[in-house]
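Chains A and B, in that order, are what the protein sequence lines are. For the first sequence, the numbering used here begins at 1 and goes up steadily by one. For the second sequence, the numbering used here begins at 1001 and goes up steadily by one. Built from N, CA and C at the ideal position, the CB exists for glycine as well. Before any comments, here is the structure.
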Amino acid sequence: MEKVEKQVIGSTNAPLLLAKKKYVKKIFSKPMMIGYIFLLPSLLILCIVGIYPLIQTIYLSFFDVSFTKQGSSFVGLENYRNLLSDIWFKVAYKNTWIFTVLSVLLETILGLFIALVLNKNFKGRGLVRACVLIPWAIPTVVSARMWEWIFNAEYGILNFLLMKVGIIDANINWLGETSTAMSAAIFSDVWKTTPFMALIILAGLQGISSSLYEAADIDGANKWKQFFYLTLPLLVPSIMIAVLLRSLDAFRVFDLIFVLTGGGPANSTEVLSSYAYKTTFSAAQVSYGAAMSSLMAVSVFILAMVMLFFMNQSSKKIEGGK
Amino acid sequence: MKGMLKRSTIVILASFIVVFQVAPFFWQIITSLKMDKDLSSLPPIFPKEVTWLHYQNIFQNTDFYKYILNSSIIAVVVTLLCLFLGSLAAYSLARLPIKGKGLILLLFLSTSMFPQIAVVTPLYNLIKQLGLYNTHTGLVLSYMLFGLPLSVLLLYGFFRNIPYEIEEAAYMDGCGYFRTYWQVCLPLMAPGLVTAGLLVFISSWNEFLFAITFTNNIDAQTIPVGIAMLPQMFFVPWGDTAATSILVTLPLILLVLIFEKKLTKGIMGGAVKG
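Structure representation (C-alpha cells):
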C-alpha cells in the first residue's frame, strides 16, 4: 500500500498533489470494514474449495479411509511408510520429474527461439503470433486426442512421413512401447505449452531498451556476442518466471497423460497426479491417495520455494550490477 | 542485399514456427473431412473426396450439443462470477486501506499453485454432501478455485495502473465505495476485465480433472469429458473424434484470432507481476 501511494504521489504534478493527499487520507480515515466486505466472498469461496479441501487431504492421509468400507481409524504415518516401499509410486515420482524437467527444458529453448523471431519486425507478424496462440487455447484433452491419432501405429501420419523420408523403415508403436511413450507425451506437451513460454519471454525481450544494443554496436560487439552477453542475461528474470510457472504446471500434469496413454504402457508414463487419481477413485484407497497427493503438494511447494529463492538471488545480482 | 537475406531468413524461420504450431491441428481438420475408408490409407494425405459425414454424425447420433451446452453454461457463469467477485476483491486490495494485504495476495497466489489432485477427494465428498454431484453448480463452484486467483491477480495488476484522479472526483461528489467501484472503476477496467474474462473462460472450457470427477452423465458433463469418453461410446471413431475436436476448438480459435492482443497481454502481464 505504501508503495502504491508513493508511486501515485510521486507521479503527479504539484496542484494535484494536495487533492491526492486528501483523497488518500480520506480513504484511510474510513473504516477498513468495506475493504474486507469486498474481499469476503472471494476469500470465503477460496476457503471452501481450496484451503479446506487441502487441509482435509492432509488429515485424511493419516487415516485408513476407503470408499469401499465404513469407518476408519488413525494409522499415523503408515500411508507414508507404504509409499516409500511402493515401487509404482517410485516409478510415478521418477516419471513426473523426467516429464517436468525435459518438457520445460525443451519448451524454454523453443520458446526462446520463437520469442526472438516474433520480436523482429516482419510482414504478417500478428498472424504468426495468433497461430502460435492456437495450441495454447486448444483444450489439453483435444490435443491429447490429436496426438494420439498422429502417433497411431498403423494409420498415423508421423510413421508415414518418417518412412517416406527414410528415417525409419518399419512402423513404430509410439504410444504402445515403453521406450517411446514418454517421449511422445513430452513432445505433445512441448507443442501445446511452448507458446506460453514464448509469450512470456517475448514480454521480457520487449522490455529491453534498444539503446543498450546501440551502445553494444558502437563498442563493436557482434550479434552473437550481443545475444550472449546482453540479451540472454537481461532475459533471465522473464525466463525464470516462465520456467517457474511451467514447472509447477508440468509437475501437476494430469489430462494429457490420462487421455493420451492412461499412464501406460506398463506404467511407463504414469505420473503422480494420474497415479494418485487411480489410487483414490479406481482402487478406492482414499487415504493412500491422499498421502500421495499431500506429498505432491509438498513437492510443488518446495519446488516453488527453491525457484523463487533463485529468482530473488538473480534479481539481486542484476540490481547489484546496475 | 544483406537486408533481403536477413528478411527472408526471418520469414523462413517464422514459417517453420507456424507449421510446427498449426500442422497438427490442420491434420485434424483433414482427418475430419475424410471418409472412414480413407482414414486407414496413407497416401494420399489429402482425400480425393471430402465428406461432412462426421460432422453430421456428431449432431444426429450423439448428444454432443448437450456437452457444448453444459460447457458453455458453466464457463460463462464461472467467468461472470470470477469477474464480479474478483474485481471487487482486486479493487479492495488495490485501493482500500486493509491490513494484511500481502498475506491475502499470497493466499491468492498460492491457491493458484495448488495441484488440483490435492483437493479433489475432499471436494468430491463436499460436493456429494451438498447434493451438487453431477450438477452445473458443483462444477461452477469448484472452478472458482482456479478462476478467482487468476482474475484477482490479473485485475489487481490492472487496477494499480489506473490513475486515482477520476475515482477521486467520484469520491468528492459523494459516491459510496460500492458505487465508485461499480460506476467509475469497472468501466475504466473494461480492457482488464476482457483479458481476465478470456483467460478464465478458456481455462474453464478446457478443465478436465474436476469435470470427470464431479459428474457422471450428460446432465452436467463438459466437452473435455465427452471427448475423453468418445472411444468407449463407439470404439475409436477417428473421423468423429477429429470432427468433434474441430468443433469444440473453433470457438477458442475465434477468440484467439479476435482477441489476440488482449490474450497476449494477459499472458505477458500475468508473468510480469510474477
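Residue pairing by DSSP places Phe74/A opposite Phe63/A in a beta bridge. Counting of Cβ neighbours within 10 angstroms places Glu214/A among the exposed residues, the total staying below 16.
Residue environment for Arg81/A: exposed (fewer than 16 other C-beta atoms within 10 angstroms of its C-beta). Your pair Ala1090/B and Tyr1156/B checks out as a contact, with CB atoms roughly 4 Å apart and the cut at 8 Å. For the region 81-112 of chain A, the beta-carbon criterion of a distance under 8 Å to any beta-carbon of chain B is satisfied by none of its residues. Closer than 8 Å to the CB of Thr280/A there is at least one CB belonging to chain B. Across the set Leu1139/B, Phe1201/B, Met1004/B, Pro1024/B, the C-alpha of Pro1024/B shows the shortest separation from the C-alpha of Glu148/A. Going by C-alpha positions, Thr108/A is about 18 Å away from Tyr229/A. Secondary structure of Gly126/A (DSSP, three-state): helix.
Interface criterion met: the Cβ of Ile34/A is under 8 Å from a Cβ in chain B.
The alpha-carbon separation between Thr1222/B and Arg145/A amounts to approximately 16 Å. Of Met292/A, Ile302/A, Ile168/A, the smallest CA-CA separation from Tyr93/A is found for Met292/A.
Using a Cβ-Cβ cut-off of 8 Å, Leu1263/B counts as an interface residue toward chain A, since at least one Cβ of chain A sits closer than that to its own. The region 1032-1048 of chain B makes contact with the region 1236-1254 of chain B, as at least three CB pairs between them are under 8 Å. Contact note: Asp219/A does not reach chain B at a C-beta cutoff of 8 Å; the least C-beta distance is about 21 Å. For the region 137-156 of chain A, the residues whose beta carbon sits under 9 Å from a beta carbon of chain B are, in order, Ala137, Ile138, Pro139, Thr140, Val141, Val142, Ser143, Ala144, Arg145, Met146, Trp147, Glu148, Trp149, Ile150, Asn152, Glu154, Tyr155, Gly156. A distance below 8 Å separates the beta carbons of Phe89/A and Tyr275/A. Under a criterion of Cβ atoms nearer than 8 Å, no residue of chain A is adjacent to Phe1214/B; the nearest Cβ is some 11 Å distant. With at least 16 other beta carbons inside 10 angstroms of its own, Leu1148/B counts as buried. Between Ile1212/B and Ala1228/B, the CB-CB gap stays under 8 Å. For Ile200/A, the enclosing alpha helix (DSSP H) begins and ends at 181-206.
Considering only Asn312/A, Ser315/A, Val253/A, the residue with the shortest C-alpha distance to Thr100/A is Val253/A. In terms of beta-carbon proximity, Pro1097/B lines the interface with chain A, with at least one pair separated by less than 8 Å.
Each of Val271/A, Leu54/A, Glu270/A was checked against the Cα of Leu1145/B, and the nearest Cα belongs to Leu54/A. Its chain contains Val1140, Tyr1143, Gly1147, Ser1204 as the residues whose beta carbon lies nearer than 6 Å to that of Val1078/B, once the 5 sequence neighbours on both sides are disregarded; these appear in chain order. Below the 8 Å Cβ cutoff, chain B contributes Ile1010 as neighbours of Lys120/A, in chain order. Within the region 1051-1103 of chain B, the alpha helix (DSSP H) runs of at least 4 residues that lie entirely inside it are, in chain order, 1053-1061, 1064-1095. In terms of Cα proximity to Ile1098/B, the closest of Ser273/A, Ile37/A, Phe309/A is Ile37/A.
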